[in-house]
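Participant:
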C-alpha cells in the first residue's frame, strides 16, 4: 500500500493538490519538489530558523498565521491550510521589513536572511504580539545569525514596526498589512479559498504511531519518517482548554504557545510565559504539543516536569474504552508508557490553583534558554498560616523518567517555612533518585543541581522573610 496521500493546500498564491508521503517535511517539498529555494536548510533541527515559513489555518472563524520551521513540518498537516514561503511575501517593491534589513545592515552572508524576514512578517501578522521593540525581538526568537551579532537585525525589526505601526494598529491586521506593503494583496482572498477545500479523509492505520507536533521525532528520525506509516494529530481542537469542576482540562494536541497564552493557564501558572521563553523558541512552541512532550517520555521533558508538579492526570483513549491515569503513574521505565500502541493521550487535566498556592519551575542547561535541560524541577506548594499545607516536588534529568518526589513532598506538609526544616527534607530527597553520568554532566553534578533547584523553589517563596546569609549557607 502506498504511503502517499492526496493533500490540498494553498502554497503562497497557488492552490496545490499533490500526493506525497505525509511525513515528508515541508522544507524538502519546497526545495526539491517546487524549486522554492529561498527557504534554506541549516540545522534541520528547528534551531536556526533559516527554513522559517508562515503557516495559516482557521482557528474558529478566522485564520491565524504563525511562524514555524519547515524542517519539522510534515506535509500531511498542510491539508486545508496556507503555507507561505519567502517567495510568497515578495512584492514588486521592497516591503518595509526588507527595506529596513537593507538600510540597517541586517544581512551579511545572507543565508539566514529569508528566515528573519519571514519571522518578522509573521510577527506582524500575529495580533497577540505587541507592536513595539519587545514584539520585534519576540518574532525573531527562533532565528540564528552567525555574522551580524543581531544588533542590526533587531534594529531592522524595530524600525519596520515604528514605520508602519500607525497604519496597522486597531485595524483588521491582514487587510492593513496588505495596504501598507508588507503582504501581497492575494492574502485578502485566502479565507474564501481555504473554505473551498474539502475536509481531509481521516486515515488511521491500525497500530500506526501517533505524531503530535513531532519537534523531537522529526529531528531524531526525519529521514526515515517519510517511509513510515503514522497518524498525524494535526486538527486544531475547537475548545482546547476549559475549566470544569475545579479542573483545568486541556486537549493533548494543544501547543506550548497556545497553552501559555490562555487566560485559564496564566491564572493557574502565573509565570508560564517566562517558562515558555526558556523552554523553546516561538516557532517550536507553535508546533510542540503537551501530548507529544508527555508521550515522548524524555527524562528531561520541560513541560512534563511542570505538569507533574501540577498533579496532572491523563485521559487515555483506546478503540473501545478510556480511562484517567495520574501522570506520575504513566512512566514505567525509560521510554516505557502505561498504554498500548492503539491508545493515545487525549486530555490533560490538573486542579485549579488554590488560594495561597505557589507554583515554580526551574531549569539548568548549557545555554540559558532554548536548550535541553541538564536538570529541571517544578514545585507546587500550598501555604497556610506560615506553614506548608500541601506540596508536590518534581524533578527531571535525575532518573530514567521525570518523577515526583513523593516522600519529600509528604514530609514537607505541616512544616514551618524555615531553612532548617526545609533543608532536612531537601537533603533526604536525595534518596529518591539516582542520576547517571552522561554528556550533560556526571551523576554528582546532577545531584548538586537537583538540590539547588529544590532550594530555588523555597527561596522564591520565603525570600522576603528569611535570612539571606542563612540561605546562602544552606546552599553551600
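Numbering (my numbering), first residue to last: 211 to 686.
Beta carbons: idealized from backbone N, C-alpha and C, even for Gly.
What are the residues that DSSP puts in a beta bridge with residue 561?
Facilitator: Looking at the DSSP assignment, residue 561 forms a beta bridge with 457.
Participant: Output yes or no for whether 8 Å exceeds the beta carbon distance between residue 593 and residue 633.
Facilitator: no
Participant: CB residue 512 to CB residue 583, shorter than 8 Å?
Facilitator: Remark: C-beta atoms of residue 512 and residue 583 approach each other more closely than 8 Å.
Participant: Measuring alpha carbon to alpha carbon, tell me which residue in 341, 220 and 664 is nearest residue 294.
Facilitator: Nearest C-alpha to residue 294: 220.
Participant: Apply the 10 Å Cβ neighbour rule to residue 554 and answer buried if 16 or more other Cβ atoms are within range, or exposed otherwise.
Facilitator: That one is buried.
Participant: Quick check: the Cα distance between residue 287 and residue 255, rounded to an integer number of angstroms?
Facilitator: 18 Å
Participant: Apart from the five residues just before and just after residue 268, which ones in its own chain have a Cβ nearer than 7 Å to its Cβ?
Facilitator: 404
Participant: Which stretch, first to last residue, makes up the beta strand (DSSP E) that contains residue 544?
Facilitator: Segment: none, residue 544 is in no beta strand (DSSP E) and carries neither H nor E.
Participant: If we count Cβ pairs, one from each stretch, closer than 8 Å, do we get three or more for the stretch 223-235 versus the stretch 309-318?
Facilitator: Inter-segment contact for the stretch 223-235 and the stretch 309-318 is absent: fewer than three beta-carbon pairs are separated by less than 8 Å.
Participant: Run through the stretch 287-336 for me and flag every whole alpha helix (DSSP H) of 4 or more residues, listed as ranges in chain order.
Facilitator: 306-313 and 323-335
Participant: Across which residues does DSSP place residue 275 in a beta bridge pair?
Facilitator: 266
Participant: For residue 596, I'd like the list of residues in its chain whose CB is within less than 8 Å of its CB, leaving aside the five on either flank, ordered along the chain.
Facilitator: 626 and 627
Participant: Can a CB atom of chain B be found closer than 8 Å to the CB of residue 294?
Facilitator: Structure shown: chain B not included; a single protein chain is present.
Participant: May I have the straight-line CA-CA distance separating residue 328 from residue 369, to the nearest angstrom?
Facilitator: Note on geometry: alpha-carbon atoms of residue 328 and residue 369 lie some 16 Å from one another.
Participant: CB-CB under 7 Å to residue 730, same chain, minus the five flanking residues each way: which ones, in chain order?
Facilitator: No information on residue 730 is available, as it lies outside the stretch 211 to 686 that the chain covers here.
Participant: Exposed or buried, what is residue 623 when buried is set at 16 or more other beta-carbons lying within 10 Å of its beta-carbon?
Facilitator: exposed
Participant: To which residues of the same chain is residue 363 closer than 7 Å at the C-beta, ignoring the five residues directly before and after it?
Facilitator: Cβ neighbours of residue 363 beyond the five flanking positions: 316, 326, 350 and 355.
Participant: Given a threshold of 16 other Cβ atoms within 10 Å of its Cβ, counted over all protein chains shown, does residue 534 qualify as buried or as exposed?
Facilitator: exposed
Participant: Alpha helix (DSSP H) containing residue 392: first to last residue?
Facilitator: Looking at the DSSP string, residue 392 is not in any alpha helix (DSSP H), and its letter there is neither H nor E.
Participant: Could you tell me the alpha carbon to alpha carbon distance between residue 260 and residue 637, rounded to whole angstroms?
Facilitator: When rounded, the distance between both Cα atoms is 46 Å.
Participant: Smallest Cα separation from residue 509: which of 397, 585, 493 and 642?
Facilitator: 585
Participant: For residue 536, which residues does DSSP report across the bridge?
Facilitator: 523
Participant: In or out: residue 291 buried (at least 16 other Cβ within 10 Å) or exposed?
Facilitator: buried
Participant: Among 486, 468, 591 and 514, which residue has its Cα nearest to the Cα of residue 338?
Facilitator: 468
Participant: Below 8 Å between beta carbons: does that hold for residue 289 and residue 358?
Facilitator: Using a Cβ distance threshold of 8 Å, residue 289 and residue 358 do not count as a contacting pair.
Participant: Have a look at 541, 332, 449 and 407 and flag the residue whose alpha-carbon is nearest the alpha-carbon of residue 496.
Facilitator: 332
Participant: Along the chain, where does the beta strand (DSSP E) that runs through residue 583 open and close?
Facilitator: 583-594
Participant: Does the beta-carbon distance from residue 284 to residue 500 come in below 8 Å?
Facilitator: no
Participant: Have a look at 424, 525 and 248 and flag the residue whose alpha-carbon is nearest the alpha-carbon of residue 297.
Facilitator: 248
Participant: Pull up the distance between the alpha-carbon of residue 602 and that of residue 523, whole angstroms please.
Facilitator: 14 Å
Participant: Using the C-alpha atoms, what's the distance from residue 306 back to residue 313?
Facilitator: 10 Å
Participant: Can you round the beta-carbon distance between residue 494 and residue 474 to whole angstroms, since I take them to be within the 8 Å contact cut?
Facilitator: With 8 Å as the limit, residue 494 and residue 474 do not qualify as a contact, their Cβ atoms being about 23 Å apart.
Participant: Write down the C-beta distance between residue 447 and residue 461 rounded to the nearest angstrom, noting that I regard them as a contact closer than 8 Å.
Facilitator: 4 Å
Participant: Between residue 518 and the rest of its own chain, which residues show a CB-CB distance below 7 Å, the 5 nearest in sequence each way excluded?
Facilitator: These residues qualify, in order along the chain: 537, 538, 588, 604, 612 and 614.
Participant: Check residue 604 in the structure and name its three-state DSSP category.
Facilitator: strand
Participant: Using only alpha-carbon positions, find the residue among 504, 433 and 236 that is nearest to residue 280.
Facilitator: 236
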